[in-house]
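Here the structure is laid out as structure tokens; the discussion comes afterwards.
In UniProt numbering, the protein residues as written are 1 to 104.
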């Protein structure tokens with residue numbers, strides 16, 4: 001994908017998908033943060049009798065969705081905030097910044 005295609009796609013659609021700019025190593029800290037927040041939430045809700053299972057056996061990709069499904073919540077209603085060094089580090093990866101420079 002060229003720089004021009006990225007810019008045109010964003011201008012036309014209001015968003016752009018750029019593949020392979022964030023690798024698994026860069027995602028590990030954010031996954032760890034999310035996992036710990038979901039775990040704390042599950043323990044809290046389970047302790048209060050609001051959740052039948054901790055869903056600890058669920059993989060990272062589906063655990064929070066299973067919790068939300070049981071509680072009739074939307075996964076988009078993320079109650080944990082999106083702040084912290086892990087998010088900052090993700091947003092400031094060189095390849096992410098390069099895309100942002102093209103569209104902003």
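Glycine included, each C-beta is placed from N, C-alpha and C at the ideal position. Since the model is a prediction, treat every value here as computed from it, not as a measurement.
Alpha helix (DSSP H) segment containing residue i, residue limits
| i | result |
| --- | --- |
| residue 64 | 60-70 |
| residue 8 | 3-13 |
| residue 44 | 24-47 |
Spatial neighbours of residue i in its chain, beta-carbon cut-off 7 Å, leaving aside the 5 residues before and after
| i | result |
| --- | --- |
| residue 86 | 29, 30 and 33 |
| residue 1 | 18 |
| residue 42 | 51, 54, 55 and 67 |
| residue 89 | 29 |
| residue 84 | 33 |
Same chain, Cβ closer than 8 Å to residue i, five either side skipped, listed in chain order
| i | result |
| --- | --- |
| residue 5 | none |
| residue 99 | 6, 16, 18 and 21 |
Proximity below 8 Å, CB of residue i to CB of residue j
| i | j | result |
| --- | --- | --- |
| residue 82 | residue 70 | no |
| residue 63 | residue 38 | yes |
| residue 10 | residue 67 | no |
| residue 60 | residue 35 | yes |
6 Å CB neighbourhood of residue i in its chain, flanking five on each side removed
| i | result |
| --- | --- |
| residue 45 | 51 |
Mind pulling the alpha helix (DSSP H) runs of 4 or more residues that sit fully within the stretch 73-104?
Counting only runs of 4+ residues, the alpha helix (DSSP H) found wholly inside the stretch 73-104 occupies 85-91 and 94-103, in chain order.
When the Cβ atoms of the stretch 70-82 are set against those of the stretch 90-102, are three or more pairs found closer than 8 Å?
Contact between the stretch 70-82 and the stretch 90-102 is absent: fewer than 3 CB-CB pairs across the two stretches fall below 8 Å.
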